[in-house]
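Everything on this sheet refers to the single structure shown next.
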Amino acid sequence: MDKLEKALQKAREQRAHATGKPQGQNQTTTQRASYVKTNQSNLVSISDIQMDRARIVAHKTQSKEADTFRILRTQVLQIMNNDGLRSLAITSPRYSDGKTTIALNLAISIALDLKQTVLLVDLDFRKPNLHEFLGYEPSAGLTDYLFRNTPIPDCMIRLSFERMTVLPAGSPVDQSSEAIGLPKMAALARELKTRYPDRFIIYDMPPVLEQDDPLAFMPNVDSVLLVAREGKTKPSEIAHTVELLSSARIIGTVLNEKL
């Protein structure tokens, strides 16, 4: 634990020295709630059994695990609202660090805040699996929009959690970094971020040390939340990940452990 914290602190100091960016904050902005427009037929209800299987806990009351995500939600929202940030990429050094579990629970927790809407996007084009956490097989996703011109509303999934929408990745593609770097994808990222003033966009990204997709897409994202796995992620992997993300705005690190 101490080694990991030291590695994180050293990486932050090196990154701050390299970029020379101040850590100042802007005034908090007040925003009005609105709803994401999707195809109303794409409503998915997640069973309690599936939520337990996928370690979805953020919706629970009187739960220590849910309280953890409420604290994380408050910290993330304070930073993002104060600095006018609208989109957040969640990534990790390696697969199996728990980033999708963190992304899904954080998104649900934000949706339950009542003042926000949230769109959770699966941006792992090679190994899309967010839909598996939901126990649902989508008929279309982002790759269908990019290569088959499927309308985005037809790709989105509405969950039974009000104010939350999911955009699946769609069918896997081998040339994922080329797909994620398309001008059409950049235009969509701008559209998603600016259409609703109260909507947060959370991207579930591939691991930084496994694929170059996160680096290719980072210019389209306002901020990054880094997930590390306690007892698994090496300090050297954290340091290398932060170094590769030197041009991105890392707002925090989550030290994940098995729920």
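Numbers in my numbering are just positions in the sequence shown, counted from 1, shifted up by 54.
C-beta: ideal position from N, C-alpha, C; glycine also.
None of the values given here were measured: they were computed from a predicted structure.
For residue j and residue i, the rounded distance between their alpha carbons
| i | j | result |
| --- | --- | --- |
| Asp-266 | Leu-184 | 19 Å |
| Ile-206 | Leu-196 | 8 Å |
| Val-240 | His-294 | Per the sequence shown, residue 240 should be read as Ala rather than Val. Straight-line Cα distance between these residues: approximately 26 Å. |
| Ala-108 | Glu-186 | 8 Å |
| Asp-228 | Ser-193 | 19 Å |
| Ala-282 | Thr-307 | 7 Å |
| Met-105 | Leu-188 | 7 Å |
| Ala-270 | Ser-101 | 36 Å |
| Arg-244 | Pro-237 | 11 Å |
| Leu-168 | Thr-154 | 23 Å |
| Pro-251 | Ser-290 | 38 Å |
| His-113 | Ser-301 | 34 Å |
| Lys-181 | Gly-224 | 10 Å |
| Phe-179 | Gly-235 | 12 Å |
| Val-98 | Ile-211 | 7 Å |
| Leu-160 | Arg-124 | 8 Å |
| Asn-203 | Leu-158 | 27 Å |
| Asp-137 | Leu-174 | 21 Å |
| Ile-156 | Phe-201 | 29 Å |
| Thr-287 | Ser-230 | 25 Å |
| Asn-135 | Ser-214 | 26 Å |
| Thr-128 | Ala-233 | 33 Å |
| Arg-253 | Tyr-149 | 28 Å |
| Gln-170 | Ile-292 | 31 Å |
| Asn-96 | Glu-191 | 11 Å |
| Cys-209 | Tyr-199 | 8 Å |
| Lys-247 | Arg-140 | 6 Å |
Local conformation of residue i per DSSP, three classes
| i | result |
| --- | --- |
| Asp-258 | strand |
| Val-281 | strand |
| Asn-96 | coil |
| Asn-310 | strand |
Endpoints, the alpha helix (DSSP H) within which residue i is located
| i | result |
| --- | --- |
| Arg-244 | 237-248 |
| Arg-202 | 196-202 |
| Asp-267 | 267-271 |
| Pro-289 | 289-298 |
| Ala-233 | 230-234 |
Terminal residues of the beta strand (DSSP E) in which residue i lies
| i | result |
| --- | --- |
| Thr-219 | 218-221 |
| Leu-213 | 211-213 |
_4-residue-minimum alpha helix (DSSP H) runs that sit fully inside the region 104-190, ordered along the chain_ = 118-136, 153-165 and 184-188
*Any contact of the region 106-123 with the region 271-286, i.e. 3+ C-beta pairs under 8 Å?*
no
*Evaluate contact between the region 161-168 and the region 215-224, counting only Cβ atoms and requiring at least three cross-stretch pairs below 8 Å.*
yes
*Are the region 139-146 and the region 252-265 touching, with three or more C-beta to C-beta distances below 8 Å?*
yes
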